[in-house]
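Asks: Before anything else, here's the structure in question.
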Amino acid sequence: MTLVRDLRYALRSLRNSPGFTLTVIVTLALGIGANTAIFTLVNGILLRSLPVADPAQLYRIGDENQCCVDGGFPQDASQTGDFSIFSFDLYQHLKQSAPEFEELAATQAGQWTWSVRRGSDLAKSLHGDFVSGNYFSTLGVNAYAGRIFSDSDDSPAAAPAVVLSYAAWQGEYAGDPSILDSIIYIQAKPFTVIGIAPPGFFGDRITDTPPDFWIPLHTEPYIEAGDAILNEPESHWLYLLGRVHAGTNVLALESKLTVALRQWLLSRPDMVANGGAALIPRMHVVLSPGGGGIQNLQDETGKGLRMLMALSTLVLLIACANIANLMLARTTTRRAGIALRTALGAGRRRILREILTESIVLSCLGGLVGLIVAYAGCRTILALVFPDARHMPISASPSLPVLGFALLISVITGVLFGAAPAWLSFHAQPAEALKGASRTTRDRSSLPQKALVVFQAALSVVLLAGAILMTKTLTNLESQNFGVVTANRYVAHFDPQGAGYTIDKLPALYREMQDRFSALPGVASVSLATYSPLEGDNWSDCVIQQGHPAPQHGQDCDSTWDRVDTHFLDTIGVPIVRGRGFTEQDTATSPEVALVNEAFAKKFFSNQDPIGKRFGQAMPEYSGSFEIVGVFRDFKMNLQYSHENVHPVFLRPLTQQYMDYKDQGLARGETRSMFVNAMILNFHAAPPNVDALVRNTFAGIDPNLTVSDLRSFSNQLAGNFNQERLVSRLTGLFGLLALVLASVGLYGVMSYFVARRTGEIGIRMALGATRPSVVNMVMRGALWQILVGLVLGIPAALYVGYLMKVLLYNVDSYDPTALAGAPLLLVIFAAAAAFIPARRAASIEPMQALRTE
Amino acid sequence: MIELSNIERSYKAGHTEEWVLRRVGLTIRRGDFVTIMGPSGAGKSSLLNVLALLDDGWQGEYQFDEVPLHDYNRKQRADFARQRIGMVFQSYHLLDDLTVAENIDLPLSYKDLPVRVRQGLVADILDRFQMTAKKDLFPSQLSGGQQQLVGIARAVVHAPALLLADEPTGNLHSTQGQEIMQMFCELNQEGTTIVQVTHSESNAQYGNRLIELRDGWIVRDESIAGQIAAGTR
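From first to last, the protein sequence lines are chains A and B.
If you count by our numbering, then the first sequence holds residues 1 to 853, one letter each, in order.
If you count by our numbering, then the second sequence holds residues 1001 to 1233, one letter each, in order.
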């Protein structure tokens, strides 16, 4: 009953002060909303366990984001010794070596898009993963309908089977139950749908494009035919995730696996050759907790999310300080009422309970509105950072932990900002308070209020400086010289292999595509390439100059390469700086040629004229394969290596397939590279209906040739910075919030100052103070608090800048713009916020003020 | 020195207008010690506020040493008051955060006077009011009488031609009140024109002229023959 009465009093009291209540709720909603939105992401990405049985028993062999197919020593492993990606042969070896695993499953490292067709429907582009037969049983996941894979499904003799995700079944096949046991065509190969995975199961990692289906590892040769890598012992493309027996000593298991890895490496002649033997003793595996799944997204977003969580906490602190200020002002004005109740016999506990009830009710109301802000904020963030998400397993809807988090911070906030006013009210002398403020012009409660404004100002400077640093970083990233022209360019992705094309049919297809698209109105040029610049794909290989020996393992001989048609460089606006580009004379029967960029020439033919020089890929016996006929100006093919330097790149013509590879892997790569996946269209001026125009033209060429992705080149380029853009925009938003909250706080304090000191101002004016001098007095008081805040905030901003260093690009952590701009912004906002009460103070009529006194 | 003619002041009270001063005409000569009396709501303080130029809402004519203040705008009136008028309040209105010396310095700080000159003036007035020993004390450390002495010292530190006092002894006990009134007498005898508002008949005896107000009208304006001289108690 007492609680009900306290709640009733609290609600009545809040209803009687709608302005105060609204201000507090909005301030809290922003603070709690910002925190909860970020926490939703942190919870959804960093803290979440896979929706599988007993995730604590899961361990991943490896802890690095190595992707997607690595030959020999994985790229990072040659540097760090950390082996995180495995071939099928090595998987089998480790599985046999470690009976400590109840089950050890393998899953594909990269995420591929497949062409999937059912019956006579048009083909769809869906994401699918190759997984071992024990994948579902390792994770402890059962089928929603039908059955999951068994070991027998993952054998060379097994009938090709597929398990659909629940989301894909619902989204792509409208939940049609007849799909079970029916045939669907994946890359034009028939598979039987044997089961539907349970709702909510999104695979072994959090990603914006979780798999729509899973197929057994042994169907890889069935799909890829000659390009299969399943039986390539040194082609690493699998992540390993296992469930250990209860009580297993994980450290001992890790050592055992490392020994097994080295034994396997030593047993492989190609791994031992060319200095590999010296690298093997450094090779090791790390056994990492697998309950959260493969942590690639977590590794990519972790730093940014943790920083955002810290920054949003600062916003909440500023909001709390604001509200504490408002509560202090309110308590002071209610002091007489509290004193009266004390005089009438109310105990301290009773008064404390009432004040705390009111503040907790307020904070819970703020928390509720904050949840709405958080939901909207989280949706916006997800759309911003994962614009291409399909069936994403991160929901903006508040989950139980998120609701708990919001409730917890609401209550903590309520107690925090309720405690100070309650404490102050105990120090009110009832007699004095009842007498009112008729004589005094002193206001003791303004000290904690001023301290809170100083605190807000200091935090605001930190947030603003952070926001400026991140904004500059994003600007620098986006405005860096990529070396390509993006205006009026569009990139379409498609999969001729998935549409059933074989290598012999490709030249005719490419010719038709060129003819059809070039004939479209407004098209300036059309280019086909295995992949397009800055789309995130990267093919790289070891380059060996003619006559050079095989490079040692770990030696940097890498170059990015791509296969392109004759219009490629023109279409992306990259000029030839020496020699010539590809021409129609570079045919299947003419000498094998290549174009290289300036970085390639500098790296492999330093101080030489590269024109006419020859090089090859991977092995010395092929080192004379291609003749360099031209050098093109550097441009950034991808941002995987560094934003700073352009990586060496060589281009090979779409018409020339090197037929002399004896090595299966190289021959397979060569064949695979003939299947282009990207088309770049350069318009004189982009027409308004690009999407329909392109898709219809593709459909006109072949209805099975579906466009999996179509976007402007500039959009594709911008997609490289989605995370940086998110961090930058949110940091900017938090900085702005901090600025507004601190200004509102200062406004509140100065308004309160003016209201409380109306008498003093009246006296001063009666004694001759002019109105400008009153404005000056109020402004001086306000800016003095800001100044103290700056003195504390600027060193803090420097330190935070230092902590953010890893997220910055071409910006110093002590960037002068940030260090000068943040205080300047704060001072301008503070001056504007303080000027309103200052003007009000100056308009006080001394006669009325004295009468009030 | 002061010529008030047809001064009127009213306040809006809902749809009606409440008059607090009605056609007030008054001449105050240099050296006068005028006492304004009357029941509550008669318009005493309103008249004092008009004289102090703290109020802008009146109508009529106000000449001060033949300066037509009724033609002045708000800023000009404030500048004029700063130079020529001092004010003493019933509840002292000292600033609690300032020391005695700083409170006295306050009106000087709003004039363009060099710091050294201000310090000299404050030191003189402290000496004259025998408060030098208390110059660093805060108002809360003084008795009510001492606080009002500081209030008077603050009002006269810039040597105003006109000193206005609104119930200057209203918050003091009788002995302290007499001391304050004695101080007014001394100032008056030194040439300061004084206008006080009071309810106290005995305080009125310190002046040489009595004006009585009722419902905003002057109903009595007469000289008082037996002014209590400074030093006689």
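Just so you know, even glycine gets a beta-carbon here, dropped at the ideal spot from N, CA and C.
In this text, all values refer to a predicted model and were calculated from it rather than measured experimentally.
Sort Arg-652/A, Asn-645/A and Glu-354/A by Cα distance to Gly-581/A and report the nearest one.
Replies: Arg-652/A
Asks: Please decide whether Ala-766/A counts as near chain B, where near means a Cβ-Cβ distance under 8 Å.
Replies: yes
Asks: Please classify Ala-529/A as buried or exposed, where buried requires at least 16 neighbouring CB atoms within 10 angstroms.
Replies: In summary, Ala-529/A is buried, with 16 or more beta-carbon neighbours lying within 10 Å of its beta-carbon over all protein chains present.
Asks: Within this structure, are the beta carbons of Leu-710/A and Arg-489/A separated by less than 8 Å?
Replies: With contacts defined as CB atoms closer than 8 Å, Leu-710/A and Arg-489/A fail to qualify as a contacting pair.
Asks: When you compare only the Cα positions, how much space is there between Phe-615/A and Ser-673/A?
Replies: 18 Å
Asks: Can you give me the Cβ contacts of Asn-134/A inside the same chain, cut-off strictly under 7 Å, excluding the 5 residues immediately before and after it?
Replies: Glu-103, Ala-105 and Asp-151
Asks: Which whole-angstrom value is the C-beta distance of Thr-357/A and Ala-769/A, which I expect to be below 8 Å?
Replies: That belief does not hold up - the Cβ atoms of Thr-357/A and Ala-769/A are roughly 43 Å apart, past 8 Å.
Asks: Under 9 Å, CB to CB, which of the residues in the region 1067 to 1078 of chain B have a partner in chain A?
Replies: Cβ contacts with chain A come from Arg-1074, Lys-1075 and Ala-1078.
Asks: Taking 6 Å as the limit between beta carbons, can you name the residues of its chain near Phe-632/A, skipping five residues before and five after?
Replies: Annotation for Phe-632/A: Leu-569, Val-574, Ile-576, Leu-595 and Asn-597 place their beta carbon closer than 6 Å to its own, counting only its chain and skipping 5 residues before and after.
Asks: Smallest Cα separation from Val-800/A: which of Asp-89/A, Met-307/A and Asp-541/A?
Replies: Distances from the CA of Val-800/A to each of Asp-89/A, Met-307/A and Asp-541/A were compared; the closest alpha carbon is that of Met-307/A.
Asks: What residues in its chain sit with their C-beta under 6 Å from that of Arg-60/A, if we drop five residues either side in the sequence?
Replies: Leu-241, Ser-288 and Gly-290
Asks: On the three-state DSSP scale, how would you describe Glu-1066/B?
Replies: coil
Asks: Please report whether the beta-carbon of Met-779/A lies at a distance below 8 Å from any beta-carbon of chain B.
Replies: no
Asks: Who pairs with Ala-105/A in a beta bridge, going by DSSP?
Replies: Leu-241/A
Asks: State the Cα-Cα distance for the pair Val-402/A and Tyr-375/A, rounded to the nearest angstrom.
Replies: 11 Å
Asks: Say whether chain D places a C-beta atom closer than 8 Å to the C-beta of Asn-1049/B.
Replies: Of the chains in the structure shown, none is chain D; the protein chains are A and B.
Asks: Counting only beta-carbon atoms, is Thr-770/A nearer than 8 Å to chain B?
Replies: yes
Asks: Which value, in whole angstroms, describes the spacing of the CA atoms of Tyr-222/A and Ala-161/A?
Replies: 11 Å
Asks: Count the other C-beta atoms from every protein chain shown that fall within 10 angstroms of the C-beta of Leu-1094/B, then say buried if there are 16 or more, exposed otherwise.
Replies: buried
Asks: Examine the Cβ distances between the region 361 to 368 of chain A and the region 21 to 29 of chain A and report whether three or more of them are shorter than 8 Å.
Replies: yes
Asks: Please decide whether His-1199/B counts as near chain A, where near means a Cβ-Cβ distance under 8 Å.
Replies: No, because no Cβ of chain A sits closer than 8 Å to the Cβ of His-1199/B.
Asks: Excluding the 5 residues preceding and the 5 following Ser-97/A in the sequence, name in chain order all residues of the same chain whose CB lies nearer than 6 Å to its CB.
Replies: Ala-260
Asks: So with Cβ pairs under 8 Å, would you call Leu-1121/B a contact of chain A?
Replies: no
Asks: Going by beta carbon distance, what residues of the same chain come within less than 7 Å of Leu-474/A, once the five residues before and after it are set aside?
Replies: Phe-721, Glu-724, Arg-725 and Ser-728
Asks: Based on the DSSP output, what are the partners of Met-1037/B in its beta bridges?
Replies: Glu-1212/B
Asks: Starting from the beta carbon of Leu-7/A, find every residue of chain B whose beta carbon is closer than 9 Å, and list them in chain order.
Replies: Here the premise fails: no neighbours, minimum Cβ distance about 39 Å.
Asks: Can you name the residues of chain A whose CB is closer than 8 Å to the CB of Lys-1135/B?
Replies: Those within 8 Å of Lys-1135/B in chain A number zero; the least Cβ separation is about 18 Å.
Asks: If you follow the beta strand (DSSP E) that Arg-1220/B is in, where does it begin and where does it stop?
Replies: 1217 to 1223
Asks: Touching or not, the region 119 to 129 of chain A and the region 692 to 708 of chain A, by the rule of three or more beta carbon pairs under 8 Å?
Replies: yes
Asks: Let me check one thing: in DSSP terms, what residues is Asp-129/A bridge-paired to?
Replies: The partner list for Asp-129/A (beta bridge, DSSP) reads Trp-214/A.
Asks: Going by DSSP, name the residue or residues bridged to Cys-542/A.
Replies: Asp-558/A
Asks: Could you spell out where the alpha helix (DSSP H) holding Asp-1124/B opens and where it closes?
Replies: Per DSSP, Asp-1124/B belongs to the alpha helix (DSSP H) from 1115 to 1128.
Asks: When Cβ atoms are compared, which residues of the region 351 to 380 of chain A fall closer than 9 Å to chain B?
Replies: none
Asks: With distances taken between CB atoms, is the gap from Val-315/A to Ala-34/A smaller than 8 Å?
Replies: yes
Asks: Going by DSSP, what residues sit across from Arg-350/A in a beta bridge?
Replies: None; Arg-350/A has no bridge partner.
Asks: Return the Cβ separation of Gly-110/A and Val-69/A in integer angstroms, given the expectation that the two are a contact with Cβ distance under 8 Å.
Replies: 7 Å
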